[in-house]
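Residue numbers (this note's numbering): 3 to 372.
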């Protein structure tokens, strides 16, 4: 597995947040709430040829304590600014199936897919915390049973996909002589009446360039993992040990096979690498990150060391878990990104384990390429 092409995602597990504002390398001139901050980091990731930037998100104050609050930007809006600055990297905003309604999500993601020329995915979050429900106010009652929540989330995803398909690929005519924009016979109502939702459709944006944008999930429990096996194109598995990640990866592979989707799903394991020119320098950097962000603020299995140590550990992790690659659970800090790209991604590219350039095609085509 380690000798095959590796996939690498950058996962902003805490969303587009200001948590690093007090890190010594943040810089007084850099503002966490400006588009150029996220564009700067996205461009660094694109130059390193990462496959995608994936966001998780939250709408409540962590810990429900304003004294410990950090600012969080809406990831859909941030992804629009990233799309404007980049050319090739996949961009995946977070979408809560409990906070939004299917029609609006389908419309937003379709719009972003057009604006990015076919580079958008959606990170499906099928759960909303109690604090988020309190903060937002009126939301649909959340089923108590995990399987009921997953059933509702599956219906949500199904409606979005039906809406994206409500325009045929060749529906747009754009004929100035007849003043006909779209062939009415190729724009369809979906007439969905389900257990939790109803939608007549059709969508009022045209079919996304990808047809069906890439679906990413980062399951937090077994029920979400089974849901991901049914619906996701990319699954990000969290874990703090090789053994736990290998067990979850094997279970997910079995669930994917049972769903008849073998070969169609990429599995990435979460890592939190801290790498520098020397192991001592990496440990100093890790201590600085922990002080600024909190030791538990970052997800993924932590790997600390020099370039050789971290690259060896990452290759072994992918091989031992049977994964397709890694998801770097990291922070919006340019100096940290540069270290990772220089000491981890570039050496993997030299070994032929990770591409140095993007190929032709849309985001989903890039993922399908060997």
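Note that the Cβ used here is the ideal one computed from N, Cα and C, for glycine as well.
Quiz item: CB-CB under 7 Å to residue 298, same chain, minus the five flanking residues each way: which ones, in chain order?
Solution: By 1-based counting over the chain shown, the position of residue 298 is 296. Low per-residue confidence applies at residue 298: pLDDT is 49, beneath 50, and the placement is therefore not dependable, though the value from the model is reported in the following sentence. Result list for residue 298: empty, nothing under 7 Å.
Exercise. Can you give me the start and stop residues for the beta strand (DSSP E) that residue 127 sits inside?
Key: To locate residue 127, count along the chain shown from 1; it is residue 125. Element bounds for residue 127: 123-127.
Self-check item: Complete alpha helix (DSSP H) runs within the region 303-367 (minimum length 4 residues, chain order)
Solution: 309-323, 336-342, 348-352
Quiz item: Cβ of residue 99 within 8 Å of Cβ of residue 41?
Solution: Position 97 of the chain shown holds residue 99. Position 39 of the chain shown holds residue 41. Going by C-beta atoms, residue 99 is not nearer than 8 Å to residue 41.
Quiz item: On the three-state DSSP scale, how would you describe residue 195?
Solution: Numbered from its first residue, the chain shown carries residue 195 at position 193. Three-state result, residue 195: strand.
Quiz item: Where residue 294 and residue 335 are concerned, what is the direct C-alpha to C-alpha distance, given to the nearest angstrom?
Solution: For this step, residue 294 is matched to residue 292 along the chain shown. For this step, residue 335 is matched to residue 333 along the chain shown. If I take the Cα positions, the gap works out to 11 Å.
Quiz item: When the distance is taken between beta carbons, is residue 115 closer than 8 Å to residue 211?
Solution: Your numbering for residue 211 matches position 209 in the chain shown. Your numbering for residue 115 matches position 113 in the chain shown. For residue 211 and residue 115, yes; Cβs fall inside 8 Å.
Quiz prompt | Exposure label - residue 233; buried when at least 16 CB within 10 Å | solution = The count along the chain shown starts at 1 and reaches residue 233 at position 231. Buried, since its Cβ has 16 or more Cβ neighbours within 10 Å.
Quiz item: Is residue 272 helix, strand or coil when you go by DSSP?
Solution: The count along the chain shown starts at 1 and reaches residue 272 at position 270. Residue state, collapsed to three classes: strand.
Practice problem: Please determine if the region 214-232 and the region 117-131 are in contact, where contact requires at least 3 C-beta pairs separated by less than 8 Å. | Solution: In the pairwise beta carbon analysis, the region 214-232 is classified as touching the region 117-131: at least three pairs are separated by under 8 Å.
Practice problem: Just the C-alpha distance for residue 50 and residue 80, rounded to the nearest angstrom, thanks. | Solution: For the purposes of this step, residue 50 is identified with residue 48 of the chain shown, where counting begins at 1. For the purposes of this step, residue 80 is identified with residue 78 of the chain shown, where counting begins at 1. Between residue 50 and residue 80, the C-alpha separation is close to 20 Å.
Practice problem: Quick one: give me the first and last residue of the beta strand (DSSP E) that residue 92 is part of. | Solution: Walking along the chain shown from the start, residue 92 turns up at place 90. Counting along the chain, the beta strand (DSSP E) containing residue 92 begins and ends at 92-94.
Quiz item: In the structure shown, what three-state DSSP assignment does residue 173 receive?
Solution: Within the chain shown, numbered from 1, the residue matching residue 173 stands at position 171. Coil at residue 173, not helix or strand.
Quiz item: Does DSSP classify residue 239 as helix, strand or coil?
Solution: Sequence index remark: in the chain shown, residue 239 carries index 237 (1-based). Strand.
Exercise. With a 10 Å radius around its C-beta and 16 neighbouring C-beta atoms as the bar for buried, classify residue 326 as buried or exposed.
Key: As a first step, residue 326 must be located in the chain shown, where it is residue number 324. Taking every protein chain shown into account, the CB of residue 326 has 16 or more other CB atoms within 10 angstroms, so this residue is buried.
Quiz item: Exposed or buried, residue 104, counting other C-beta atoms within 10 Å across all chains shown (16 or more means buried)?
Solution: Within the chain shown, the letter at position 102 stands for residue 104. Result: buried.
Exercise. Classify residue 2 as buried or exposed, calling it buried when 16 or more other Cβ atoms lie within 10 Å of its own Cβ.
Key: Nothing can be reported for residue 2, as the shown portion of the chain is limited to 3 through 372.
Quiz prompt | Minimum C-alpha distance to residue 138 - residue among 62, 340, 224 | solution = The count along the chain shown starts at 1 and reaches residue 138 at position 136. Measuring from the Cα of residue 138, the nearest candidate turns out to be 62.
Quiz item: If you drop the 5 nearest sequence neighbours on each side, which residues of the same chain put their C-beta closer than 6 Å to that of residue 127?
Solution: Here the question's residue 127 lines up with position 125 in the chain shown. Excluding positions up to five away in sequence, the list reads 96, 98.
Quiz item: Can you round the beta-carbon distance between residue 307 and residue 277 to whole angstroms, since I take them to be within the 8 Å contact cut?
Solution: Reading the chain shown from its first residue, position 305 is the one you call residue 307. Reading the chain shown from its first residue, position 275 is the one you call residue 277. So it is a contact: roughly 6 Å between Cβ atoms.
Quiz item: So, is residue 319 buried or exposed, given that buried needs 16 or more other C-beta atoms within 10 angstroms?
Solution: Translated into the one-based positions of the chain shown, residue 319 becomes position 317. Answer is buried; the Cβ neighbour count reaches 16.
Self-check item: Beta-carbon proximity of residue 238 to residue 220, cut-off 8 Å
Solution: Within the chain shown, the letter at position 236 stands for residue 238. Within the chain shown, the letter at position 218 stands for residue 220. Taking 8 Å as the Cβ cut-off, residue 238 and residue 220 qualify as a contacting pair.
Quiz item: Is there contact here, the region 249-258 with the region 278-286, by at least three beta-carbon pairs under 8 Å?
Solution: no
Practice problem: Flag this pair as yes or no: are the beta carbons of residue 88 and residue 45 separated by less than 8 Å? | Solution: Position 86 of the chain shown, counted from the first residue, corresponds to residue 88. Position 43 of the chain shown, counted from the first residue, corresponds to residue 45. Taking the C-beta atoms as reference points, residue 45 is found nearer than 8 Å to residue 88.
Quiz item: So is residue 152 buried or exposed if we call it buried at 16+ other beta carbons inside 10 Å?
Solution: Along the chain shown, one-based indexing puts residue 152 at 150. Within a 10 Å sphere around the beta-carbon of residue 152 sit 16 or more other beta-carbons, which makes this residue buried.
Self-check item: Given residue 224 as reference, the closest of 201, 251, 207, 37 once Cα atoms are compared
Solution: The residue labelled residue 224 in the question sits at position 222 within the chain shown. Checked all of 201, 251, 207, 37; the closest Cα to residue 224 is 251.
Quiz item: When the Cα of residue 291 is compared with those of 338, 245, 324, which residue comes out closest?
Solution: For the purposes of this step, residue 291 is taken as the residue at position 289 of the chain shown. Among 338, 245, 324, the Cα nearest to that of residue 291 belongs to 338.
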